[in-house]
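S.K.: Starting off with a structure, shown below.
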Amino acid sequence: MKRQTLHLRLHAIRILLYNTSYTISRFIFCWDSVLVRYLRQLQQQETLKEYVPKIKWRSNPRVLDIGCADGSVSSILSTYIPQNYEMFLGCDINSNSVKFANARYGTERIKFIVLDIEEPIPENLRESFDHVFSFFALHWLTNPEKGYMNIYNLLKPGGEIFLILSAESPYYDIYHSLFRTKKWAPHMQAYDTFVSPYHDCKDPDKVIYESFKKIGFRNIDVQCKQKVFVHESTNFLKNSVASINLFETPKHMQDEFLKDFIDVARDMRLVEDDNSVKFSYNIITVHCMK
Numbered sequence: 001m002k003r004q005t006l007h008l009r010l011h012a013i014r015i016l017l018y019n020t021s022y023t024i025s026r027f028i029f030c031w032d033s034v035l036v037r038y039l040r041q042l043q044q045q046e047t048l049k050e051y052v053p054k055i056k057w058r059s060n061p062r063v064l065d066i067g068c069a070d071g072s073v074s075s076i077l078s079t080y081i082p083q084n085y086e087m088f089l090g091c092d093i094n095s096n097s098v099k100f101a102n103a104r105y106g107t108e109r110i111k112f113i114v115l116d117i118e119e120p121i122p123e124n125l126r127e128s129f130d131h132v133f134s135f136f137a138l139h140w141l142t143n144p145e146k147g148y149m150n151i152y153n154l155l156k157p158g159g160e161i162f163l164i165l166s167a168e169s170p171y172y173d174i175y176h177s178l179f180r181t182k183k184w185a186p187h188m189q190a191y192d193t194f195v196s197p198y199h200d201c202k203d204p205d206k207v208i209y210e211s212f213k214k215i216g217f218r219n220i221d222v223q224c225k226q227k228v229f230v231h232e233s234t235n236f237l238k239n240s241v242a243s244i245n246l247f248e249t250p251k252h253m254q255d256e257f258l259k260d261f262i263d264v265a266r267d268m269r270l271v272e273d274d275n276s277v278k279f280s281y282n283i284i285t286v287h288c289m290k
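Sequential numbering of the sequence shown, starting at 1, is according to our numbering.
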């Protein structure tokens, strides 16, 4: 496992917490929430700079971004690909996200559609794409192998994919602690669908490698990388949780939920005496061909 430490400050930001694919309409547009989005974009840009040179770009490529959310990262990604691309398509399960993305970033060649990667894919999209990307979205799948198979079927022969997935994270442990309480369990029924299937996995890179090999992908490169998050205030942590509001928490209890979230983080020693936050988490990168 490759260890990579990223120290963050307001003027030196380099990390992503989660994908917010399903909850764009719930964003809390305060400063820290905008900052969360900014961090997400910088994390993906950093990873793109590392992997884009390794991609064997085709002439006039057709590109797909799965889990595009509000389209901001798709817009950034479109600047990294050959500018003679034929089409750039972003897809997301959330119709509000797609509507926003088309209004904000849509062009003659950049489009966004509603698509559930776990459902049967439209016939007109089969073997349509030269390159498929997805950033912090596929760990939300309830049936990962079904999603991976659909990605395989979306690719043209010889096409490439590059994915980033969430693996082990203390966020999941904090949510699990809250889920086990009588107070919050009734409001966290979606907990099991939220946790990455690779969170408690001992060797997630090996598991993913075998899944992709079984499907038929080749030249498979899977890496599990450790990151370290550092911030001087718990406010950022609270706002990152508030901005994605995954559970059915009543409005009048949301502040209390955030307080309990931070209390659990303190118990796990993720919050220092000076109120700063520091923890490590893992991401998985996947690069392979059809």
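Backbone N, C-alpha and C fix where the C-beta goes; we use that ideal spot for every residue, glycine too.
1) Look at Thr234 and Val277 and say whether their C-beta atoms are less than 8 Å apart.
2) For His199, collect the residues of the same chain with a Cβ closer than 7 Å to its Cβ; drop the 5 residues on either side in sequence, then sort them by chain order.
3) Starting from the C-beta of Asn56, find all residues in its chain whose C-beta is less than 7 Å away, skip the five residues before and the five after it, and write them out in chain order.
4) Between His187 and the rest of its own chain, which residues show a CB-CB distance below 6 Å, the 5 nearest in sequence each way excluded?
5) Thinking C-beta only, is Val132 closer than 8 Å to Ile66?
6) Are Gln223 and Ser280 close, meaning C-beta to C-beta below 8 Å?
7) Taking Cβ to Cβ, would you say Phe129 is nearer than 8 Å to Lys156?
8) Can you tell me whether Gln189 is helix, strand or coil according to DSSP?
9) Quick check: what's the CA-CA separation for Asp205 versus Met87?
10) Express the C-alpha separation of Ile110 and Phe135 in angstroms, rounding to a whole number.
11) Given a cut-off of 8 Å on the beta-carbon distance, is the pair Asn96 and Ile121 in contact?
12) Quick check on the DSSP output: the alpha helix (DSSP H) that includes Leu237 runs from which residue to which?
13) Using the rule of at least 16 other Cβ atoms within 10 Å of the residue's Cβ for burial, across every protein chain shown, is Lys290 buried or exposed?
14) I need the DSSP call for Arg58, collapsed to helix, strand or coil.
15) I'd like the ranges of any alpha helix (DSSP H) spanning at least 4 consecutive residues and lying wholly in the stretch 192-236.
16) Here's the rule I'm using: 16 or more other beta-carbon atoms within 10 Å means buried, otherwise exposed. How should Asn282 be labelled?
17) Could you tell me which uninterrupted beta strand (DSSP E) segments, each at least 3 residues in length, are contained entirely in the stretch 96-128, listed from first to last along the chain?
18) In terms of residue numbering, what span does the alpha helix (DSSP H) encompassing Val264 cover?
19) Excluding the 5 residues preceding and the 5 following Val195 in the sequence, name in chain order all residues of the same chain whose CB lies nearer than 8 Å to its CB.
20) Starting from Ile76 and walking both ways along the alpha helix (DSSP H), at which residues does that stretch end?
21) If you check the beta carbons only, do Tyr148 and Phe212 fall under 8 Å apart?
22) State yes or no: is the C-beta of Thr47 nearer than 7 Å to some heavy atom of the ligand GDP?
23) Given a cut-off of 8 Å, decide if Thr285 and Thr79 are closer than it, judged by their beta-carbon atoms.
24) Quick check: the Cα distance between Asn219 and Asp273, rounded to an integer number of angstroms?
25) If you run the structure through DSSP and keep just helix, strand and coil, what is Glu248?
26) Return the Cβ separation of Leu270 and Leu154 in integer angstroms, given the expectation that the two are a contact with Cβ distance under 8 Å.
27) When you compare the CB positions of Gly71 and Tyr105, do they come within less than 8 Å of one another, or not?
28) According to DSSP, Tyr281 sits in a beta bridge with which residue or residues?
29) With a 10 Å radius around its C-beta and 16 neighbouring C-beta atoms as the bar for buried, classify Cys288 as buried or exposed.
30) With a threshold of 16 other CB atoms inside 10 Å of the CB of Ser59, please say whether the residue is buried or exposed.
31) Start and end of the alpha helix (DSSP H) containing Arg145?
M.R.: Taking the structure as given:
1) The residue labelled residue 234 in the question sits at position 234 within the sequence shown. The residue labelled residue 277 in the question sits at position 277 within the sequence shown. A contact, by the Cβ cut-off of 8 Å.
2) Stepping through the sequence shown from its first residue, residue 199 is reached at position 199. Only Ala167, Glu168, Ser169, Tyr172 meet the Cβ criterion.
3) On the sequence shown, residue 56 is found 56 positions in, with the first residue counted as 1. According to the sequence shown, residue 56 is Lys rather than Asn. Around Lys56: Glu160.
4) On the sequence shown, position 187 is the one that residue 187 refers to. Hits under 6 Å: Phe247, Glu248, Thr249.
5) What you label residue 66 is simply residue 66 of the sequence shown in a count that begins at 1. What you label residue 132 is simply residue 132 of the sequence shown in a count that begins at 1. Closer than 8 Å, so yes.
6) Taking the first residue of the sequence shown as position 1, residue 223 is located at position 223. Taking the first residue of the sequence shown as position 1, residue 280 is located at position 280. Contact flag unset, no.
7) The residue labelled residue 129 in the question sits at position 129 within the sequence shown. The residue labelled residue 156 in the question sits at position 156 within the sequence shown. Result yes, Cβ atoms of Phe129 and Lys156 sit closer than 8 Å.
8) The sequence position of residue 189 within the sequence shown is 189, counting from 1. Coil.
9) Position 205 of the sequence shown, counted from the first residue, corresponds to residue 205. Position 87 of the sequence shown, counted from the first residue, corresponds to residue 87. Their Cα atoms are separated by approximately 31 Å.
10) Taking the first residue of the sequence shown as 1, we reach residue 135 at position 135. Taking the first residue of the sequence shown as 1, we reach residue 110 at position 110. The straight-line gap from Cα to Cα measures roughly 18 Å.
11) For this step, residue 96 is matched to residue 96 along the sequence shown. For this step, residue 121 is matched to residue 121 along the sequence shown. No, these two residues do not count as a Cβ contact at 8 Å.
12) What you label residue 237 is simply residue 237 of the sequence shown in a count that begins at 1. 234-242 is the extent of the alpha helix (DSSP H) around Leu237.
13) As a position in the sequence shown, residue 290 is number 290, starting the count at 1. The residue is buried, with at least 16 neighbouring Cβ atoms inside 10 Å.
14) In the sequence shown, the residue the question calls residue 58 occupies position 58. Here Arg58 sits in coil by DSSP.
15) 204-215
16) Looking up residue 282 in the sequence shown gives position 282. Counting Cβ neighbours within 10 Å, Asn282 comes out buried, since at least 16 surround it.
17) 110-114
18) Numbered from its first residue, the sequence shown carries residue 264 at position 264. Residues 254-267.
19) Position 195 of the sequence shown, counted from the start, is the residue given in the question as residue 195. Tyr172, Tyr175, His176.
20) Residue mapping note: residue 76 aligns to position 76 of the sequence shown, counting from 1. Segment 72-77, the alpha helix (DSSP H) holding Ile76.
21) Residue numbering aside, residue 148 sits at position 148 when the sequence shown is read from its first letter. Residue numbering aside, residue 212 sits at position 212 when the sequence shown is read from its first letter. Contact flag set, yes.
22) Ligands are entirely absent from the displayed structure, and the ligand GDP is therefore not among its contents.
23) Start at 1 with the first residue of the sequence shown, and residue 79 comes out as number 79. Start at 1 with the first residue of the sequence shown, and residue 285 comes out as number 285. Going by C-beta atoms, Thr79 is not nearer than 8 Å to Thr285.
24) Walking along the sequence shown from the start, residue 219 turns up at place 219. Walking along the sequence shown from the start, residue 273 turns up at place 273. Taking the straight line joining both Cα atoms gives about 47 Å.
25) Residue mapping note: residue 248 aligns to position 248 of the sequence shown, counting from 1. Of the three classes helix, strand and coil, the one that applies to Glu248 here is coil, per DSSP.
26) Here the question's residue 270 lines up with position 270 in the sequence shown. Here the question's residue 154 lines up with position 154 in the sequence shown. That belief does not hold up - the Cβ atoms of Leu270 and Leu154 are roughly 38 Å apart, past 8 Å.
27) As a position in the sequence shown, residue 71 is number 71, starting the count at 1. As a position in the sequence shown, residue 105 is number 105, starting the count at 1. Against a cut-off of 8 Å, the Cβ pair of Tyr105 and Gly71 comes out as a contact.
28) The residue labelled residue 281 in the question sits at position 281 within the sequence shown. Paired residues: Lys227.
29) Within the sequence shown, numbered from 1, the residue matching residue 288 stands at position 288. Burial call: buried.
30) Indexing the sequence shown from 1 puts residue 59 at position 59. Ser59 should be labelled exposed.
31) On the sequence shown, position 145 is the one that residue 145 refers to. First, the amino acid is wrong: residue 145 is Glu here, not Arg. First-last of the alpha helix (DSSP H) with Glu145: 144-154.
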